[in-house]
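Peer 1: Numbering (our numbering), first residue to last: 1 to 1034. The beta carbon of each residue, even a glycine, is placed where N, CA and C say it ideally should be. Mind having a look at this structure? Questions to follow.
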């Protein structure tokens, strides 16, 4: 194919590839990649046992029929529960979500009437249930909240639901209306009536009975209704419940707003809010723009007086970040183009290079779409960095075409690109936290590098022949310039010969520059008396070891001591403070709200705060997220406000606080210590499992050193023990008094507050809940329950304390299940040697396992108490070793030699010296960008060495070995310097935001330090080690 046709084909493919841009999935942060569905539901004022029996178990039974489920776990806790479905890696999560939604839709009518509709989320933890909405709108209007809510549902929510990229739409801040029946228990009992009589009377009024169809003489058909629903509530109050006695004599019926169970506010302002959530696989930038445009149109059609205000847009940060990327990339491109123009002084070189890079990027977009790679801040980092690498490949190919007129350098390009791609693939072996962030970063670079080989092999030679070949052939280098170049080459050759003559000394200096891990040696080793005597004595540790560690530790010692031990994972988000509030079980959302309002009033005084978002999830948990104006984000306000909140929290008594976000966190939350040893029991029957746990506890307690056995141990620290009043009935005394358990409990229920609606009716075309409560129920406390005489019927009254014992005790905080089997954790402390405790525990487990019924199991339970895991550090070091191994294998295949790859590998740790020193001397933060710099250097640095060795192999072998290696380095010095400095200069704009910039700064500063020091390895260390050892005279 002719050069023109090849160029034309690539240009057309690039233009077609650009059509995939609007279809890319764009978001700010990467999403989790585990094929997991999380189902959450709520049942107000219900204990774990009721939640498990009424909702969790029925759902699990239905969900067990769904295929490709590896594991199903569930937690039933107070007021609600959740189920997690873990699928196979190759499962279609969208289709599985559709199946789960169908199951829920079928089962929902059978769930309790006050249960929330189970919601499905593509996540793995409950924290993801509290994800931030994409857009938050506040709706203000001079009408009742119920009318505002109805208007929003009909005129905003319903039209927006047609946008398929929207996950869900919620309305917060508006409370629905309910019917309340407030009765007088004394009057009811005096007439021999019960709450059930009130319910039946009310149901009869609201029941709609159609008795047939009437056809008029004009052949008109009318439905005949026995009784029309009441238009006013006083009609029911005036109706007769008993002959001569009105309903209103016993109870008062009125309409009111439901009590709020959750609160959501921005800047402490109560308003009806519309929350729009995006699906996990959509372009949030395009979706946000589409929703904003649609709401602007819909808000103009609302009733006069309605005002719709955009309060929060989660894509704002993404847009800001994109603007930064555009700015930095523009600067990088300008710098690279200027460097290339100064070196080649020919605009046609720029045209060929930019054409190749542009086509490469366009094709990359298409493959990103085809492979379903997410576009977020980290993948954009990969795309930006790949720009320099693509340019490097094009420069190397163009330089070779110019000097040799062929594409034989492609073998070197293939090897160099393969090592970079292999190095990036090691991201999959990083710890999970870093891996999830960097997978897309690595994938984008791998895809773009793979395509760069195709462009370098086909497009670049075709464009060169089309635009540059004739011009290059006419140019010749002047004799004086060639002579000057030759003198410089001779000086360089003599330097290499001098160092090669002292190769051992040179190698020792390089090793000490990198450093040896002597500083990691322990201060004491058990049973090694000679080691402890020499290296564990006080004089050596205090007076000698610090100097030995520094002298022999080199750059590695500085990095580990000053940087790596302080390394931490950072997320590129706005500076914010998070305030967590926790109150005891039994407190109501209204009580929590009263406390949080004080915090909001306190925060409203600070002008530097942009906004604070309040979420009250229940009477026990609430959060406030505080965001600052851009000019105050890095000022002294955030730490000062944090200190003031900590001091102020001491005055807000009755609440446990945790304040995090800037610096070291503060917490006054008390956690009950978990037991030293734990046993995990599973079984298919909840009560039977409890009996088995009791039997095992008795077996453990036979040993005098076993103390504090807990049959309801928490699964982990994240779960919380609950305390409540429990009534223990004496059935013998009840029977002697002629009472039953049921009669006593019904009497107590008559006087206490009902936790949920007893019935639902259709009133004025709305389906509203009906609450029945005694008129003094708000004042009914534990004192009345114990001391007051409660009437059970017309003749009999009773004091519950005579037949029961009311005790405040710890309860089972949650019911755990895995694969529909109940889980119970038994914890205890062993006062003695842990070794003997473990041995005794294993003996008890083996003994009890023999008597366990079928379907039950017992094993030791291992839980990690610390966030720091030394295995992660070992894993990080092993990944670096694996990186060197991968480079060795590729180079051995490429050069058909087992020795030459060692020369290439040695340049990688040399480049790490530059990374170590720049972080240690600059005292810069090391985050996931630093990990990416390690991986990136492992792939980039070896490229130059591969090009040199490839050139070395192509030179005639009959020449002197030293001269041959020096010539190979000299021939490739220009493209190596161009690619290195172009990459370094391309990274400089990413330093503009300083150390506060997450990911980008660490990546840029680490890569710059490593690349600059790699020049020492390529131009000095590599030829010295490859040259023969001989004295200078020879």
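Just to confirm, are residue 932 and residue 48 a CB contact at a threshold of 8 Å?
Peer 2: As a working mapping, residue 932 is identified with position 932 in the chain shown. As a working mapping, residue 48 is identified with position 48 in the chain shown. Against a cut-off of 8 Å, the Cβ pair of residue 48 and residue 932 comes out as no contact.
Peer 1: Name, in chain order, the residues that DSSP records as bridge partners for residue 255.
Peer 2: As a working mapping, residue 255 is identified with position 255 in the chain shown. Beta-bridge pairing links residue 255 to 179.
Peer 1: Buried or exposed: residue 527, going by 16 or more other Cβ atoms within 10 Å of its Cβ?
Peer 2: Within the chain shown, residue 527 is the residue found at index 527, counting from 1. That one is exposed.
Peer 1: Using only the alpha-carbon positions, how far apart do residue 840 and residue 682 sit?
Peer 2: The residue you call residue 840 lines up with position 840 of the chain shown. The residue you call residue 682 lines up with position 682 of the chain shown. Spanning the two alpha carbons is a distance of roughly 21 Å.
Peer 1: Are the CB atoms of residue 311 and residue 266 nearer to each other than 8 Å?
Peer 2: Along the chain shown, one-based indexing puts residue 311 at 311. Along the chain shown, one-based indexing puts residue 266 at 266. Contact: yes.
Peer 1: Would you please state the rounded distance, in angstroms, between the beta carbons of residue 6 and residue 37? I believe it to be under 8 Å.
Peer 2: As a first step, residue 6 must be located in the chain shown, where it is residue number 6. As a first step, residue 37 must be located in the chain shown, where it is residue number 37. Wrong, their Cβ atoms sit about 48 Å apart, outside the cutoff.
Peer 1: Ignore the nearest five residues each way along the sequence and tell me which others in residue 787's own chain have a CB closer than 8 Å to its CB.
Peer 2: As a position in the chain shown, residue 787 is number 787, starting the count at 1. 799, 801.
Peer 1: In whole angstroms, what is the alpha-carbon distance linking residue 1053 and residue 279?
Peer 2: Nothing can be reported for residue 1053, as the shown portion of the chain is limited to 1 through 1034.
Peer 1: Which stretch, first to last residue, makes up the beta strand (DSSP E) that contains residue 583?
Peer 2: Locating residue 583 in the chain shown gives position 583, counting from the first residue. Looking at the DSSP string, residue 583 is not in any beta strand (DSSP E), and its letter there is neither H nor E.
Peer 1: What are the boundary residues of the beta strand (DSSP E) that includes residue 165?
Peer 2: Locating residue 165 in the chain shown gives position 165, counting from the first residue. Note, residue 165: premise wrong, no beta strand (DSSP E); not H, not E.
Peer 1: Can you list, in chain order, the residues of its chain with a C-beta nearer than 7 Å to that of residue 641? Leave out the 5 residues immediately preceding and following it.
Peer 2: Here residue 641 refers to the residue found at position 641 when the chain shown is read from its first residue. Hits under 7 Å: 577, 606.
Peer 1: To which residues does DSSP link residue 657 through a beta bridge?
Peer 2: The residue given as residue 657 occupies position 657 in the chain shown. For residue 657, which the question treats as bridged, DSSP gives the partners 581.
Peer 1: Per the DSSP calculation, residue 622 is bridged to which residue(s)?
Peer 2: Counted from its first residue, the chain shown places residue 622 at position 622. DSSP output for residue 622 lists 581, 616 as bridge partner(s).
Peer 1: Any idea what DSSP makes of residue 29, helix, strand or coil?
Peer 2: In the chain shown, residue 29 corresponds to position 29, counting from 1. Here residue 29 sits in coil by DSSP.
Peer 1: Between the segment 835-854 and the segment 880-891, do three or more beta carbon pairs fall short of 8 Å?
Peer 2: Segments in contact, no.
Peer 1: Decide if the segment 229-241 is in contact with the segment 256-265; the criterion is three or more beta carbon pairs, one per stretch, under 8 Å apart.
Peer 2: Contact between the segment 229-241 and the segment 256-265 is absent, because fewer than three Cβ pairs lie under 8 Å.
Peer 1: Between the alpha carbons of residue 200 and residue 770, how many angstroms are there, rounded?
Peer 2: The residue given as residue 200 occupies position 200 in the chain shown. The residue given as residue 770 occupies position 770 in the chain shown. The straight-line gap from Cα to Cα measures roughly 12 Å.
Peer 1: Reducing DSSP to helix, strand and coil, say where residue 129 ends up.
Peer 2: The residue given as residue 129 occupies position 129 in the chain shown. Only weak support exists for where residue 129 lies, its pLDDT of 38 falling under 50; the value from the coordinates is given anyway. Residue 129: helix per DSSP, three-state reduction.
Peer 1: Quick check: residue 79 and residue 757, are their CB atoms within less than 8 Å of each other?
Peer 2: The residue you call residue 79 lines up with position 79 of the chain shown. The residue you call residue 757 lines up with position 757 of the chain shown. No. Outside cutoff.
Peer 1: List the residues that DSSP assigns as beta-bridge partners of residue 827.
Peer 2: Your numbering for residue 827 matches position 827 in the chain shown. Answer by DSSP bridge pairing, in chain order: 678, 710.
Peer 1: Starting from residue 65, trace the beta strand (DSSP E) both ways and give me its first and last residue.
Peer 2: Along the chain shown, one-based indexing puts residue 65 at 65. Where residue 65 is concerned, there is no enclosing beta strand (DSSP E), given that its DSSP letter is neither H nor E.
Peer 1: By the three-class DSSP mapping on this structure, what secondary structure does residue 339 have?
Peer 2: Counted from its first residue, the chain shown places residue 339 at position 339. In this structure, residue 339 counts as helix in the three-state DSSP scheme.
Peer 1: Can you tell me whether DSSP reads residue 1027 as helix, strand or coil?
Peer 2: Taking the first residue of the chain shown as 1, we reach residue 1027 at position 1027. Three-state DSSP puts residue 1027 in coil, outside helix and strand.
Peer 1: Mapping the DSSP letters down to three states, classify residue 920 as helix, strand or coil.
Peer 2: Translated into the one-based positions of the chain shown, residue 920 becomes position 920. Residue 920 falls in the helix class under three-state DSSP.
Peer 1: Using DSSP with H/G/I as helix, E/B as strand and the rest coil, what is residue 934?
Peer 2: By 1-based counting over the chain shown, the position of residue 934 is 934. Of the three classes helix, strand and coil, the one that applies to residue 934 here is helix, per DSSP.
Peer 1: Could you check what DSSP says for residue 996 in three-state terms: helix, strand or coil?
Peer 2: Numbered from 1 along the chain shown, position 996 holds the residue referred to as residue 996. In this structure, residue 996 counts as coil in the three-state DSSP scheme.
Peer 1: Please state whether the Cβ-Cβ distance between residue 411 and residue 357 is less than 8 Å.
Peer 2: The count along the chain shown starts at 1 and reaches residue 411 at position 411. The count along the chain shown starts at 1 and reaches residue 357 at position 357. For residue 411 and residue 357, no; Cβs fall outside 8 Å.
Peer 1: Which two residues bound the contiguous beta strand (DSSP E) that contains residue 768?
Peer 2: Residue numbering aside, residue 768 sits at position 768 when the chain shown is read from its first letter. Per DSSP, residue 768 belongs to the beta strand (DSSP E) from 766-774.
Peer 1: How far does the alpha helix (DSSP H) with residue 515 in it reach, from first residue to last?
Peer 2: Numbered from 1 along the chain shown, position 515 holds the residue referred to as residue 515. Premise fails: residue 515 is in no alpha helix (DSSP H) and is neither H nor E.
Peer 1: Please state the DSSP three-state secondary structure of residue 851.
Peer 2: As a working mapping, residue 851 is identified with position 851 in the chain shown. Note: residue 851 maps to coil in three-state DSSP.
Peer 1: Rank 692, 948, 774, 27 by C-alpha distance to the C-alpha of residue 284 and give the top, closest one.
Peer 2: One-based indexing of the chain shown puts residue 284 at position 284. Looking at the Cα atoms, 27 is the closest of the given residues.
Peer 1: At what residues does the alpha helix (DSSP H) containing residue 648 begin and finish?
Peer 2: Here residue 648 refers to the residue found at position 648 of the chain shown. That run of the alpha helix (DSSP H) goes 637-649.
Peer 1: According to DSSP, simplified to helix, strand and coil, what is residue 731?
Peer 2: Against the chain shown, residue 731 aligns to sequence position 731. In the structure shown, residue 731 sits in a helix (DSSP, three-state: H, G or I).
Peer 1: Specify the secondary structure class of residue 417 as computed by DSSP and reduced to three states.
Peer 2: Position 417 of the chain shown holds residue 417. Residue 417 falls in the helix class under three-state DSSP.
Peer 1: Apart from the five residues on each side of it in sequence, which residues of its chain come closer than 7 Å, Cβ to Cβ, to residue 172?
Peer 2: Residue numbering aside, residue 172 sits at position 172 when the chain shown is read from its first letter. Excluding positions up to five away in sequence, the list reads 264, 273, 275.
Peer 1: Is the separation between the beta-carbon of residue 55 and that of residue 43 shorter than 8 Å?
Peer 2: In the chain shown, counting from the first residue as 1, residue 55 sits at position 55. In the chain shown, counting from the first residue as 1, residue 43 sits at position 43. Against a cut-off of 8 Å, the Cβ pair of residue 43 and residue 55 comes out as a contact.
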